[in-house]
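Numbering (the working numbering), first residue to last: 1 to 837. Glycine included, C-beta positions come from ideal geometry on N, C-alpha and C.
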């Protein structure tokens, strides 16, 4: 018989899955934005339901639902109102021509989907004629339509500079709490006017989105206009597949058919017609094939749909198929206002609402992510997608995982308490989602006729501070609710995580990182992962709970803790993400009223160093010829890490912090060498034109040589000056000396390999090698093995080299160097072919 606690635990699990799903949407939104910021192109391919939503947003409010979903058991009518407005705004954004990375406002469909859309529009045109006939013949229906039109005109005629009472009534109708209403009623005039413009826009949006009589026909006319239809192009015309290519695309289509069929069977839902299924499979196949063709280009192709079956099929394949380099399907909700406060002609274009949303949700989900980090390495890489997917398809398996990681999870009281905390967090976020609807009067104006110009003029002239302040207050409440939820789970999650962690801590890991995180008010906190694990394991359960209670009040520290755990589990992506969140949370604290800014500033540069190191390991641990395109990621990561380390070096130099300056300088040298490794040993050189590859390799190696000389000089100064360094600084100096002395060997070997790869340029690389400093006569346990490894590589003793490189060099040797040595050993005499310029 099933445990009585199973049902509420399953409900909590579904809610956790929904929040995890939202964090993945935020990640991909941020990733697309970053790609566009690097001048990357994104081609947006629309499913037929995108056009349906544009024409009739009231029909599918679920397409844009985020925090106003039935799962959260709110007011169903209020949820429908919010979601319908979000659909309208998302549709306007999708056809605005201003999506991230979009070129010339161009949008795409496959020919089959476009034909399907044209058939549907034909039906709508006929339906519009029927409506017109009914308006002429049915007096009651005509009065009803006229009443709706008068409501809209009355809302549009409201003057934000005139009487306050109509706006107070609208605000009350929109669900404002009495306290907020009272503050609005007595607000200074400019603040009142700014909010009134947003409130009026939201009311107009509501009326337009719910209009099923006149609006659909008006939008068909707009859809046919040059501004929208004139920007359309067949995806087939963009990609130009040959007949041979079509054979590959048809094979892809069959793969997608199997995935979609599995999702449909699992849900026992009504199957699609064969024509519709074929059109969907062909569209996904063409986008999959198109993304393969653009690897190495600065373009990605994404497919936008509201079809839950297609979304889940795409995610299932992404989780299972390691060859899928990124999840290219985007839900319509991805373009909803709450995820795009800085885009879509928003009034919030200069506000940080998106980042704050990400920080609140990530902070709340830290305990759950600790559980996901405990998984196997390859599964861990896509664990959050798998978690969200399995919550829908096989919730029992996720319930079991949750109960395994949180031993109290089968206690009904524990479940009820945590569900209430999670509900409180989502309630705050749903209020923020509602407030965001005020921020898009320019998009609403696109649906207007004679009022459009006035509406736009007032929107452009409106300030943003009043709305931003209201959203900030809600974010503070949401952050508190998120902390409360995280607080209840954090100590249990960490306790379970530690129970699954070997006592030797970092001894079996490939990377050591000397970052000091503040766990308490004393100055003797552990420095690295190994000592941190030992320190935490030595605590009693009650002490651990007290420590976590204090720690969770500082989101920057909790993010940094998880970043460090992820780093030492070789989950570089999570380490980078959480280190970045830690730095951003610290920046927010430094800009606000933090009670100990001196200490926070010190921690901030620890977080920056941790993020830079995590980025380097992402570079070193990613095989470009398999996982990602060179243009998309490698160079971006290197530039981001290099910029961060340069910032650290400047700060530590100004503060006369020798140890941390040496650590950052040594890391920057290691970053440059890691970037060179695939030129020397892998396939990276083949992914770029020769002149660019040579320039990149030469520039990076030259930077490494300069930084290594700087390290040798700084290490010597630190020894000579004999400053009163504490034990932490001495450990940092020792680790940095081991790192940069190992990397002197690595830089020499890399220079020789590059000289062999490009013989015509051998002199260039030999000159760089000649500038490298001599290694220090410093000893450490693995130094003989490291020296033997390089000597073996020079003499061609590949068997010895492979044995050494796969052994325990990890604590002192760069992972990129290990991978490079392994590659060289496996290739033996067949190193990459020489290329001449």
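Distance, residue j Cα to residue i Cα
i: residue 1; j: residue 391; result: Note that residue 1 scores a pLDDT of 38, beneath 50, so its modelled location is shaky and nothing firm can be said.
i: residue 431; j: residue 412; result: 28 Å
i: residue 741; j: residue 775; result: 5 Å
i: residue 321; j: residue 254; result: 15 Å
i: residue 220; j: residue 359; result: 40 Å
i: residue 550; j: residue 592; result: 20 Å
i: residue 698; j: residue 758; result: 11 Å
i: residue 19; j: residue 407; result: 21 Å
i: residue 127; j: residue 115; result: 19 Å
i: residue 864; j: residue 151; result: This structure cannot speak to residue 864, because the chain is shown only from 1 to 837.
i: residue 446; j: residue 640; result: 38 Å
i: residue 674; j: residue 637; result: 12 Å
i: residue 329; j: residue 749; result: 43 Å
i: residue 307; j: residue 440; result: 25 Å
i: residue 442; j: residue 193; result: 16 Å
i: residue 561; j: residue 614; result: 13 Å
i: residue 339; j: residue 558; result: 24 Å
i: residue 249; j: residue 256; result: 10 Å
i: residue 586; j: residue 363; result: 13 Å
i: residue 711; j: residue 649; result: 12 Å
i: residue 751; j: residue 610; result: 28 Å
i: residue 573; j: residue 189; result: 48 Å
i: residue 841; j: residue 654; result: Look at the range of the chain in this structure, 1 to 837, and you will see that residue 841 is not part of it.
i: residue 281; j: residue 228; result: 26 Å
i: residue 266; j: residue 386; result: 16 Å
Simplified DSSP state of residue i, which is helix, strand or coil
i: residue 305; result: strand
i: residue 539; result: coil
i: residue 877; result: Shown here, the chain extends from 1 to 837; a query on residue 877 therefore has no answer.
i: residue 687; result: A caution first: residue 687 carries a pLDDT of 48, below 50, which makes its placement in the model unreliable, though a value can still be read off. In the structure shown, residue 687 sits in a helix (DSSP, three-state: H, G or I).
i: residue 107; result: strand
i: residue 510; result: Caution is warranted here: a pLDDT of 48 is assigned to residue 510, below 50, making its placement in the model unreliable, and the coordinate value is therefore given only provisionally. Looking at residue 510 - three-state DSSP - the assignment turns out to be coil, as it is neither helix nor strand.
i: residue 228; result: coil
i: residue 197; result: helix
i: residue 656; result: coil
i: residue 46; result: strand
i: residue 447; result: coil
i: residue 164; result: coil
i: residue 66; result: coil
i: residue 185; result: helix
i: residue 546; result: helix
i: residue 119; result: helix
i: residue 465; result: helix
i: residue 17; result: helix
i: residue 732; result: helix
i: residue 320; result: helix
i: residue 562; result: helix
i: residue 100; result: coil
i: residue 571; result: coil
i: residue 515; result: coil
Presumed contact (8 Å Cβ cut-off) between residue i and residue j, rounded CB distance
i: residue 105; j: residue 272; result: With a Cβ gap of about 31 Å, residue 105 and residue 272 do not count as contacting.
i: residue 41; j: residue 291; result: Actually they do not touch by this definition, with Cβ atoms about 12 Å apart.
i: residue 86; j: residue 64; result: 4 Å
i: residue 366; j: residue 486; result: 6 Å
i: residue 235; j: residue 515; result: About 46 Å separates the two Cβ atoms, so there is no contact after all.
i: residue 747; j: residue 705; result: 6 Å
i: residue 301; j: residue 43; result: 5 Å
i: residue 556; j: residue 575; result: So it is not a contact: roughly 15 Å between Cβ atoms.
DSSP beta-bridge partners of residue i
i: residue 234; result: 109
i: residue 41; result: 299
i: residue 331; result: 305
Below-8 Å beta-carbon distance, residue i vs any chain B residue
i: residue 540; result: As a matter of chain content, chain B is missing from the structure shown, which is built from one protein chain.
Item to check | Cβ pair count under 8 Å reaching 3, the segment 313 to 321 against the segment 49 to 63 | outcome: no
Checklist entry - Any contact of the segment 281 to 290 with the segment 108 to 117, i.e. 3+ C-beta pairs under 8 Å? => result yes
Checklist entry - Within the chosen definition, does the segment 639 to 649 reach the segment 661 to 668 through at least 3 CB pairs nearer than 8 Å? => result yes
Checklist entry - With a cut-off of 8 Å, do at least 3 Cβ pairs link the segment 469 to 476 to the segment 417 to 425? => result no
Checklist entry - Between the segment 433 to 445 and the segment 196 to 209, do at least 3 Cβ pairs fall closer than 8 Å? => result yes
Checklist entry - Taking three-plus beta-carbon pairs below 8 Å as touching, is the segment 166 to 183 in contact with the segment 138 to 148? => result no
Checklist entry - Would you say the segment 6 to 14 touches the segment 43 to 58, given that touching needs at least three Cβ pairs under 8 Å? => result no
Next on the checklist: If contact is defined by three or more beta carbon pairs under 8 Å, each pair taking one atom from either stretch, is the segment 211 to 218 in contact with the segment 177 to 186?
Outcome noted: no
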